[in-house]
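What follows is a single structure, written as structure tokens, with notes after it.
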Amino acid sequence: MFKGLVGAVILGSAMLANASQSADAVIAAATEANKQAKSLGYEWNVTGKAIKAAQAALKAGNEAEALKLAEHAKYMAEASIFQAGDEKKNWMLRVPK
Amino acid sequence: MIIKSLLAGAVLAASTMATADAVEQGKAIAFDRKKGNCLTCHQMEGGTLAGNWGPPIMAMKARYPNKADLREQIWDPTKRNPMTSMPPFGRNGILTEEEIDLVVEFVHSL
Amino acid sequence: MKKLTQLGMVFGMVVSASALAGPEEDRTAFQNFYEKRFPQVVEGDFINGVYSILPGAREQWEAIEEFPPYEVAIEEGEELYNTVFANGKSLADCFDTPAQRENYPYWDSEKGKVVTMEQAVNDCRVANGEKPYKTKKGALAAVSAYMSYESRGQAINVVIPDDPAAIAAYNEGKELFYTKRGQLNFSCSDCHMYGAGLNARADTMSPAFGHASHWPVYRSKWQAMGTLHRRFAGCNTNIRAKPFKAQGTEYSNLEYFLTYMSNGLEFNGPGARK
């Protein structure tokens, strides 16, 4: 019982910490990842827009919405980095012989 | 006994209703030009102005007895075929996981 | 140690050079691909883009070509070509003739980069103390239209010199053509090679063989002229990729590759498209 309670408190505070730090931190992580995608020549035009939308939501005080948008932006930035690596392997397949 | 089967019937009806609803929602996402936009490439029943880039989508239950395989084809078709032109709707975050589930329900009904 | 690394580098370069087919082999395979896919297209007709494979739409297009929507741009371009700069010179002083298409794009070994005809026009302006034109439409497209018109019938004959830097630029253009990019995950080749002749909704996709022949283009969708790099940017934006800069290295290398692939065809710009 006691143990369970402690566990719940820890879990709860971890979630809280996650939520309070998040939007800002996730926006920063998304921006960083998008920069990397750009340096690889693989930036998508939807990622920057999603980051801007997240920043606007945060400014308007809508933390939950900002977090959601930032996480999507981060996912897309990471997917475009993955694409760059994947294509290094695959593009030659498309060159006709 | 009677009560039990009555209950089961009600549950069943509710779940088919949910599925029918999912099929409709999935169709809307599949046909939306800003979402699935599947008609750019595929003929699908109920859709108009379809392209011919990919095969017509039909008899899906026979082609994909296992729904998970169909989901995989929509989530990232390049895994099976790196040469394919079909976009990886899940891998590239074009659709959300929930949207893909709904599209799978719709496509499996074709 | 240093020697060893250098040796390793040389060895590595040899290996990767043989893994990549040379430009000439590439071009033969590229042109064969389209000739096999569209045996009905008569020799040289790929310069007419999607109309080379769509007899129905071709009639309509030929009717448009009777009163070419790019005619105004040609006249405007001729005027700009001869307009005197503040220093008393003009574009006409930079080129021996406006019929320049056959000389571009080329590898400039001094600058260490590919120079397109549009870039040469802007370089001329800058060398004479003028501001460069914007690179996608407007004055540059007009000057390009005039020069292209004067160049009609010249053979496409891009040269890739036996210089590692030139070959690297060519290979970058080639890689850009074949790599999937953007959220929608398309390569140019997905649409204009393996998709050529197929329909995305109602749009038939054109073969890339001949893509570089007829620029700039008056596009009804734009209601204006646009340069080749404007088109590249449009195709990149459609697949949700961030486009590269017009006249930047990426698109100039792409133009270098793409034009080289069409060697043997004729320049027939400016053009009109949907």
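Residue numbers (our numbering), protein chains in the order written: chain H, 740 to 836; chain E, 76 to 185; chain L, 12 to 285. Idealized CB from N, CA, C, for every residue including glycine.
#1: Looking only at its chain, what residues have a beta carbon closer than 6 Å to the beta carbon of L/Lys14, apart from the 5 residues adjacent to it on each side?
#2: Check whether chain H comes within 7 Å of L/Arg242, counting only Cβ atoms and requiring the distance to be less than that.
#3: Can a CB atom of chain E be found closer than 7 Å to the CB of L/Ala68?
#4: Between which residues of its own chain and E/Lys142 is the CB-CB distance below 7 Å, once the five residues before and five after are set aside?
#5: Got a sec? Which residues, its chain only, sit under 7 Å from E/Leu185 by beta carbon, not counting five neighbours each side?
#6: Quick one: list the residues of chain L neighbouring E/Trp128, beta-carbon separation under 8 Å, in chain order.
#7: Residues in the segment 91-115 of chain E with C-beta within 8 Å of chain L's C-beta atoms, listed in sequence order?
#8: List, in chain order, every chain L residue whose beta-carbon is nearer than 7 Å to that of E/Pro162.
#9: Less than 7 Å between the C-beta atoms of L/Phe220 and L/Phe106, yes or no?
#10: What would DSSP say about L/Gly19, mapped onto helix, strand or coil?
#11: When the distance is taken between beta carbons, is H/Thr786 closer than 7 Å to H/Asn773?
#12: Along chain E, which residues have their Cβ under 9 Å away from the Cβ of H/Tyr781?
#13: Determine the extent of the alpha helix (DSSP H) in which L/Lys185 is found, giving its start and end residues.
#14: Under a CB-based cut-off of 7 Å, is E/Met167 close to chain L?
#15: What's the C-alpha gap between L/Pro143 and L/Gln130?
#16: List the residues of chain L that E/Leu170 touches, going by C-beta distances under 9 Å, in chain order.
#17: Give the list of continuous alpha helix (DSSP H) stretches no shorter than 4 residues that lie fully inside the segment 106-151 of chain E.
#18: According to a CB-to-CB cut-off of less than 9 Å, which residues of the segment 822-836 of chain H neighbour chain L?
#19: Among the candidates L/Glu46, L/Asn196, L/Phe78, L/Ala84, whose CA atom is the shortest distance from the CA of L/Ala252?
#20: Can you check the segment 145-185 of chain E for any alpha helix (DSSP H) of at least 4 residues that lies completely inside it and give the ranges in chain order?
#21: Please classify L/Asn247 as buried or exposed, where buried requires at least 16 neighbouring CB atoms within 10 angstroms.
#22: Which one or two residues does DSSP pair with L/Tyr117 in a beta bridge?
#23: Quick check on the DSSP output: the alpha helix (DSSP H) that includes L/Tyr267 runs from which residue to which?
#24: Quick check on the DSSP output: the alpha helix (DSSP H) that includes L/Gly237 runs from which residue to which?
#25: Would you call H/Ala747 buried or exposed, if buried means 16 or more other Cβ atoms sit within 10 Å of its Cβ?
#26: Give me the chain E residues within the contact set of H/Ala818, using Cβ-Cβ distance strictly less than 9 Å, ordered along the chain.
#27: Hey, could you find the ends of the beta strand (DSSP E) L/Val228 is sitting in?
#28: Taking a contact to mean a Cβ-Cβ separation below 7 Å, would you say E/Gly101 touches H/Tyr814 in this structure?
#29: For E/Glu172 and E/Ile149, I'd like the C-alpha separation in whole angstroms.
On the basis of the data shown:
#1: Along the third sequence, read from residue 1 onward, the residue named residue 14 of chain L stands at position 3. Low confidence applies to L/Lys14: its pLDDT is 41, below 50, so where it sits in the model is not reliable, and the reading given next is rough at best. Excluding positions up to five away in sequence, the list is empty.
#2: If you number the third sequence from 1, residue 242 of chain L lands on position 231. No, L/Arg242 lies away from the interface with chain H (no Cβ there is under 7 Å from its Cβ).
#3: Here residue 68 of chain L corresponds to residue number 57 of the third sequence, with the count starting at 1. It does not: the Cβ of L/Ala68 has no partner Cβ on chain E nearer than 7 Å.
#4: Translated into the one-based positions of the second sequence, residue 142 of chain E becomes position 67. Within the same chain, and ignoring the five residues on either side of E/Lys142 in sequence, the residues whose Cβ sits closer than 7 Å to its Cβ are Val179, His183.
#5: As a working mapping, residue 185 of chain E is identified with position 110 in the second sequence. Within the same chain, E/Leu185 has close Cβ partners Met119, Glu120, Ile132, Met133, Met135.
#6: Counting from one through the second sequence, the residue named residue 128 of chain E turns up at place 53. Near E/Trp128 (Cβ distances below 8 Å), the residues of chain L are Gly206, Leu209, Asn210, Ala211.
#7: Residues Leu114, Thr115.
#8: For the purposes of this step, residue 162 of chain E is taken as residue 87 along the second sequence, with counting starting at 1. Residues of chain L with a Cβ closer than 7 Å to the Cβ of E/Pro162 are, in chain order, Leu195, Asn196.
#9: Here residue 220 of chain L is taken as the residue at index 209 of the third sequence, counted from 1. Here residue 106 of chain L is taken as the residue at index 95 of the third sequence, counted from 1. No. Outside cutoff.
#10: Position 8 of the third sequence holds residue 19 of chain L. Since pLDDT at L/Gly19 reaches only 40, below the 50 mark, its modelled position is unreliable, and the value read off the structure follows with that caveat. Correct three-state label for L/Gly19: helix.
#11: The residue labelled residue 773 of chain H in the question sits at position 34 within the first sequence. The residue labelled residue 786 of chain H in the question sits at position 47 within the first sequence. Closer than 7 Å, so yes.
#12: On the first sequence, position 42 is the one that residue 781 of chain H refers to. Within 9 Å Cβ-Cβ: nothing; H/Tyr781 doesn't reach chain E, min ~11 Å.
#13: On the third sequence, position 174 is the one that residue 185 of chain L refers to. Start and end: 175-189.
#14: Taking the first residue of the second sequence as 1, we reach residue 167 of chain E at position 92. Before going further, note that residue 167 of chain E is Asn rather than Met in the sequence given. True, the Cβ-Cβ gap to chain L drops below 7 Å.
#15: Against the third sequence, residue 143 of chain L aligns to sequence position 132. Against the third sequence, residue 130 of chain L aligns to sequence position 119. Answer to the nearest angstrom: the Cα atoms are 9 Å apart.
#16: Mapped onto the second sequence, residue 170 of chain E falls at position 95. One finds nothing in chain L with a Cβ atom closer than 9 Å to the Cβ of E/Leu170; even the nearest lies about 11 Å away.
#17: Complete alpha helix (DSSP H) runs here, min 4: 135-138, 142-150.
#18: Closer than 9 Å at the C-beta level to chain L, one finds these residues of the segment 822-836 of chain H: Gln822, Ala823, Asp825, Glu826, Lys827, Asn829, Trp830, Met831, Leu832, Arg833, Val834, Pro835, Lys836.
#19: Looking up residue 252 of chain L in the third sequence gives position 241. Ranking L/Glu46, L/Asn196, L/Phe78, L/Ala84 by Cα distance to L/Ala252 puts L/Asn196 first.
#20: Fully enclosed alpha helix (DSSP H) runs of 4 or longer: 172-183.
#21: Here residue 247 of chain L refers to the residue found at position 236 of the third sequence. Result: buried.
#22: Against the third sequence, residue 117 of chain L aligns to sequence position 106. DSSP links L/Tyr117 through a beta bridge to L/Val126.
#23: As a position in the third sequence, residue 267 of chain L is number 256, starting the count at 1. L/Tyr267: member of the alpha helix (DSSP H) spanning 260-272, first to last residue.
#24: Here residue 237 of chain L refers to the residue found at position 226 when the third sequence is read from its first residue. First-last for L/Gly237: 235-237, but that is the beta strand (DSSP E), not the alpha helix (DSSP H).
#25: Within the first sequence, the letter at position 8 stands for residue 747 of chain H. Any reading at H/Ala747 must be qualified, since the residue scores a pLDDT of 41, below 50, and its modelled position is unreliable; the value itself is stated next. By the 10 Å Cβ count, H/Ala747 comes out exposed.
#26: Position 79 of the first sequence, counting from 1, holds the residue named residue 818 of chain H. Those within 9 Å of H/Ala818 in chain E are Pro163, Arg166, Asn167, Gly168.
#27: Here residue 228 of chain L refers to the residue found at position 217 of the third sequence. Element bounds for L/Val228: 228-230.
#28: Locating residue 101 of chain E in the second sequence gives position 26, where the first residue counts as 1. Locating residue 814 of chain H in the first sequence gives position 75, where the first residue counts as 1. Cβ atoms of E/Gly101 and H/Tyr814: not closer than 7 Å.
#29: Position 97 of the second sequence, counted from the start, is the residue given in the question as residue 172 of chain E. Position 74 of the second sequence, counted from the start, is the residue given in the question as residue 149 of chain E. Roughly 11 Å separates the two Cα atoms.
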